[in-house]
Amino acid sequence: MKVLISGGGIAGLTLAYWLQKVGVTPVVVEQANGMRHNGYGVDFYSTGYDVAERMQLVDQLRPHQIRAQYLAYLNEQGEPAAKLALDTMRQVLGGKYMALMHYTLEDVLYDAVRAQVEVRFNTAISALEQSADAVTATFSDGQSETFAL
48 MKVLISGGGI AGLTLAYWLQ KVGVTPVVVE QANGMRHNGY GVDFYSTGYD VAERMQLVDQ
108 LRPHQIRAQY LAYLNEQGEP AAKLALDTMR QVLGGKYMAL MHYTLEDVLY DAVRAQVEVR
168 FNTAISALEQ SADAVTATFS DGQSETFAL
């Protein structure tokens, strides 16, 4: 069974990883021309951390941690209103916490799926036509393809 995933970000690549593990053939389309290397930092813990452990990706993520001592919450004047020590957060979470750049997580996920999953960059969905048991997607390059629902 072949399924279409729109978006090659964290959610799309994670879904593709798990689908191919159970025998589904995912095809990921991403409108960017490659993996993006800009963005913002993310606090990575809880469910996301647990999923990364199950995917055996924590060791690939760990060297890319942002080395910060605390998170600061700023007021409207840009002054610290509150601080949270990250060592305390790590202790509370049993060590299962990392601060990462968003693109680092995407890069590690892409590396985990690229050999098994087709990821089409520079491709967007232009139109969808659904039947009782399938959907036909027309892409930005004019090509059409049918996928399972």
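Note that the working numbering has the sequence shown beginning at 48, numbered continuously upward. Virtual Cβ for every residue (Gly too), placed ideally from N, Cα, C.
query: Cβ contact (3+ pairs, closer than 8 Å) linking the segment 78-90 and the segment 140-158; result: yes
query: Cβ neighbour criterion (16 or more within 10 Å) applied to threonine 61; result: buried
query: Buried/exposed call for alanine 184, threshold 16 Cβ in 10 Å; result: buried
query: Element boundaries [alpha helix (DSSP H), containing tyrosine 157]; result: 149-160
query: Span separating the alpha-carbon of tyrosine 87 from that of tyrosine 120; result: 16 Å
query: Helix, strand or coil at arginine 167 [DSSP, three-state]; result: strand
query: Neighbour-count burial assignment, glutamate 126, 16 or more Cβ in a 10 Å radius; result: exposed
query: Span of the alpha helix (DSSP H), counted from its first residue to its last, around tyrosine 64; result: 57-68
query: Three-state class that DSSP yields for valine 105 in the structure shown; result: helix
query: Simplified DSSP state of tyrosine 87, which is helix, strand or coil; result: coil
query: Cross-strand partners of proline 73 (DSSP beta bridge); result: Val50
query: Touch test, the segment 168-180 against the segment 101-121, Cβ-Cβ under 8 Å, three pairs minimum; result: no
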